[in-house]
Structure formats: structure tokens, C-alpha cells
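Be aware that the sequence shown starts at 1, since it is given in full-length UniProt numbering, and climbs by one per residue.
Working notes for the structure below.
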Amino acid sequence: MFLQNFNPLVLIESVLFIYASYALGDAVLRLAGFDLSSRIKRVVYRLLIGYGIFALIGLVLALVGLFNAAALRIAFFAVLIFSARTIFSHLCGLARLGFVHKNLSGLFRDYPFFKALIALWLFANIFIVFVPITGWDALDYHLPIINDIITKERADFTPAIPSYNYLPILAEIFYAVPIVLFGETGAPYVFQFLMYSVLPLLLALIYDFLRDRVADRRLAIAAPLLILSLFDFQREIMHAGYIDVFVFLFSIASTLLLIEAAASRTIQQSGIVLSAAMLGIALSMKYLAFFSLATNGLLLAILAWRAREGLGWLVRWGSVCLLVIAAIAGYWYVRNAAWFGSPVYPMFSSAEFTGAVENLIVERTPQNFFLFPFARFGRWFSDPNETSSRLVPLAYFGVLYILLPLTIFVRHRLSAAEALLLLAMGLWLLFSFLTSHQIRFLLPAVLFLVPFLVLLADSILASIRTRLAGTGALASRLAVGALGLLFVVTFLGNFHYFQIRFLYAFGVYTEEQYIGSIGSQ
1 MFLQNFNPLV LIESVLFIYA SYALGDAVLR LAGFDLSSRI KRVVYRLLIG
51 YGIFALIGLV LALVGLFNAA ALRIAFFAVL IFSARTIFSH LCGLARLGFV
101 HKNLSGLFRD YPFFKALIAL WLFANIFIVF VPITGWDALD YHLPIINDII
151 TKERADFTPA IPSYNYLPIL AEIFYAVPIV LFGETGAPYV FQFLMYSVLP
201 LLLALIYDFL RDRVADRRLA IAAPLLILSL FDFQREIMHA GYIDVFVFLF
251 SIASTLLLIE AAASRTIQQS GIVLSAAMLG IALSMKYLAF FSLATNGLLL
301 AILAWRAREG LGWLVRWGSV CLLVIAAIAG YWYVRNAAWF GSPVYPMFSS
351 AEFTGAVENL IVERTPQNFF LFPFARFGRW FSDPNETSSR LVPLAYFGVL
401 YILLPLTIFV RHRLSAAEAL LLLAMGLWLL FSFLTSHQIR FLLPAVLFLV
451 PFLVLLADSI LASIRTRLAG TGALASRLAV GALGLLFVVT FLGNFHYFQI
501 RFLYAFGVYT EEQYIGSIGS Q
């Protein structure tokens, strides 16, 4: 059957839920007086706030035993009423066809090849969003937790389901909300499309961060394509039921706000609070967000230093951030401290759990830290079962190790934004090296690496253009042309990497053949 598991009704419900989340986030940020600096940033953070509030509404209803269709639909319609002003303004905008045409036609005005490739890539992979769920962790405990909450209409944290009674589960509750809201009785689920929404949101954030910081705007457009070429990241997004990608998105969204503030020496109180809110949501989903908590703490200190603020300011705003984070995520850690004697149980409490998470591939020594990315992503050369897609992040780290010495040769001093991105990438890499060598936990380090490489490459190319005049301009064009060729190759590689999913989606494989071929991927 053509387009198996692709349900237009679920797609419509997904779009409705996403729009309601955006309208809610818009109303909340307007009410709070938050003013974000760019249109892209406003869209992304409004949507993330909306996602977070829907998840927190679900948490409250699950804790009081009212996680049912009636309560969620009342909450949903209350959200629509609360967001009526935003919705009305959008309806008026849609009625002005000229306004719509102007906004859509402007999207591809500059650098149409790169932009068209991004749009085509995102569109093509929509067809494999709703394939059957096969991931081990999803089937082992994520989906059982979701189904248990739905069946019982409450969260009772039964130990009968692995991890349910001690891990933060805000992401699972978020996934359960549209299932109950729209009365879904089985797959495909709205949350599968919500997971896919992580991809364009992250691409937009990275592009927005770069576009006014590069001399060659083509490189800013290239950054989303560099991320799309990370098939391990896309695989996590397609891993329906997994929660990591939302943790990555909220964590990176939180950290980028502080990087921007520290780089520009600009203290915007609303931005600091919003960053803390993003991190609070991430910490309500997975312990992994503690990597960002440590990173953000250091970035806040750097912001205080660069803005010439004293220790008192740092203590005051550090306390504000911790209060915001505690208000959102504190429940999970207070619960664990009360029940198990450790807020992050079973981390550092269970040797079996810690060992399973670590999955070490090299000894944790100082010299191995610098070799760690190559040991992790370069196993294709020694392991016949390893996927060649890992060569992409391996190449990114290889370019990093080439460009950093080259900055000395061209006498380029890292900008504040470059240095802070390098710091964020290095810290996430370090924390992963010390705690877990699982590839998916390393992905945020690679995601931070991408904008750093783009900024660094732009600076080096600008220096070469200045030094070599006409030859430098030619070198710049050749570099961008090589990138374009690379992206065509990785775009085609996307269909090879996800070929089993596409074969199922377009009716070549039956569900049994798909499950037998895909394994747990």
C-alpha cells in the first residue's frame, strides 16, 4: 500500500497542536513582556514555551488523577481562548493574500539552491515519520509509561515499569497529551510528528544565530545542511518514543541565549529567565540536561565578567535562574531525594545502571579526551558493523583539528561567539567523555560544533580574501561550491541511510518485513 502508516488526520492534528502551542507561547511571552531580537527567534521560543506549558499542564493533571480527554480538552480550549488575540491576528493575516505571498516568496530569494535543498530534505523525510515504532528503549519503558498514564488517567510511578518510578518523565507526559486529547487509539501518533518538529526548530535556531555573524551568508545557510547530514541525529528524531531530541533542543535553546548575551556583553533579564525556563523543561525530561546546567552556570559567570558586573549580580541572577529551574523541574528531584535518598537516583547509586549508561570505549585519561571523537566516530575503519554515516561527524572533528591551527597561521583571533561556542562544545564533549560514551549523548557536542566551524571558516575565508585579493575570492567560491556538492551527496545518502523506512513507507515492505529488517533502529 502506498504511504503505509501515513495518516492525514494525524498530520492535521499534529499541525493543530503545534499551532496551539505556538499561540499559547506567543500569548505567554507577550504577557510576560519578553521581547526577542529576531523574527525566527520569536517563532522558535514561542513554540518551545507552548510545548513546555502543555507538558506541565499534563503533569499537573496526571498527578491529581485527571489525565483524561475531558480535562485535557477543557485545558486545550482554555488555551485557545487565552490565545484568542494571537489567533485572530493570524487569521486576519491569512486573509491578506498579498501578505502571505510576500512572506512565502521571500523565503527563496537569496541562495535558492541551498534553501531549496533544505526544504526538499525536510519534506522528503516527513514520509518516514510515521513508520512503526521499533526502538528498544521506546518499547521497553517510554511507551509503557505513556500507556500506563493514559490507561490509569494518572501517574502512579509503578516500579513494575522500568525507570518509571525514578526518572523524570515530562517528555512521556508531553507525548501522551495529544494521544488523549485527540482520542488516538493506536499508531501513528501525533507525538511522532512533534518529534520531527525538533529538526526545523533546531535548524532555525542555528541559522538565526549565524546569519548576522558571518560575512558570507551562504555559510549561514550551509549550517542547517551540515546538521541534516548528521544521520545519527536524524535517526534519534525518527526513533519515535525516545526523549533525547527534546532534551537536546531545549538545552541548546537555553545555552544559545546565554552565548548571545555573553558574546554581545548585553544583559537582557528576560533572556536570562527564558534560558532558565528552557533548561528547567529539559531537566524535567532527562538527567542529561545537567550537562547544560553546568555549561550555563559558567556562561552566566562569563556574562557577568564581560558586562563588568560584580559578584553580587552573579549571585542574584544565578539564584533567579535556579529558582526558575526549581519551579519547573524541582518536583522530580525532590521526589527522588525523598524516596531514594538521591535527587539523581540511580545515577552514582547503582553500579549496574551507571555501567550500562557509561558504555565506555576508551580509558578516561587526559590524552584520550582529545582522541575521543575519533575513537567514537571512527570505528567504521575497524568494525564492519559500524555505519559509514559516522564518517560525517568524524569529518567535522577532523576539520576542527585542521582549522584551529590554521587560525594561528592567518593570525585570526577567535571572536567571543566563536570562543563561547567552542567552550559549549568542549564542555559537552568533556562531560560525555567522563560519564557516557553513547553516541546519542555526544550529539549536542556535534551540534554546537557546526556553528563554530561555520564561524571559523567564514573568518578564515575572509582573511584569505583580504590577503590574496582575486585569488582569495576564487578560493571562497570554490569552498562554497565544494559544500554544495557535499550536500548533494549527503542528501542522496539520506535515502540510502533510511532506505528501509522509505521502502516501508512506499509499500515495498510489509510491516513484518520492515520490523525484521530495521531491527531496533
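Glycine included, every Cβ here is placed at the ideal spot set by N, Cα and C.
Predicted model, so just to flag it, every value in this text is computed and none were measured.
- Burial of Glu13 is indicated by the presence of at least 16 other C-beta atoms within 10 angstroms of its C-beta.
- Look at Leu91 here: in three-state DSSP terms it is helix.
- Where Gly186 is concerned, there is no enclosing alpha helix (DSSP H), because DSSP gives it neither an H nor an E.
- Proximity of the stretch 133-145 to the stretch 23-33 falls short of the contact definition, fewer than three beta-carbon pairs being nearer than 8 angstroms.
- The C-alpha of Val79 is placed about 6 angstroms away from the C-alpha of Leu24.
- In the three-state reduction of the DSSP assignment, Phe6 falls in the coil class.
- Considering only Val320, His412, His239 and Thr435, the residue with the shortest C-alpha distance to Phe369 is Thr435.
- Between the C-alpha atoms of Tyr19 and Trp305 there is a straight-line separation of about 40 angstroms.
- Phe233: member of the alpha helix (DSSP H) spanning Phe231 to Met238, first to last residue.
- By the CB criterion at 8 angstroms, Arg379 and Glu386 fall inside the cutoff.
- By the C-beta density criterion, Pro8 is exposed, having fewer than 16 other C-beta atoms within 10 angstroms.
- Judged by DSSP secondary structure, Pro373 falls within the alpha helix (DSSP H) whose first and last residues are Pro366 to Phe377.
- By the neighbour-count definition (other C-beta atoms within 10 Å, threshold 16), Tyr504 is a buried residue.
- For the pair Ile221 and Ala119, the Cα-to-Cα distance works out to about 12 angstroms.
- It is roughly 14 angstroms from the alpha-carbon of Leu485 to the alpha-carbon of Asn494.
- Taking the Cα positions, Leu414 is about 20 angstroms away from Tyr207.
- Short of 6 angstroms from the beta carbon of Ser349, and not among the five residues preceding or following it, lie these beta carbons of its own chain, in chain order: Ser342.
- Taken atom to atom, the span from the alpha-carbon of Tyr51 to that of Ser382 is near 42 angstroms.
- Taking the Cα of Ser275 as reference, the smallest distance to any Cα among Val357, Leu256 and Phe113 is reached at Leu256.
- A Cβ-Cβ distance of about 11 angstroms is found for the pair Phe191 and Ala55, leaving them out of contact under the 8 angstroms criterion.
- By the C-beta density criterion, Ser459 is buried, having at least 16 other C-beta atoms within 10 angstroms.
- DSSP places Ile145 inside the alpha helix (DSSP H), whose first and last residues are Leu143 to Lys152.
- Three or more Cβ pairs closer than 8 angstroms define a contact, and the stretch 244-260 meets that threshold against the stretch 275-294.
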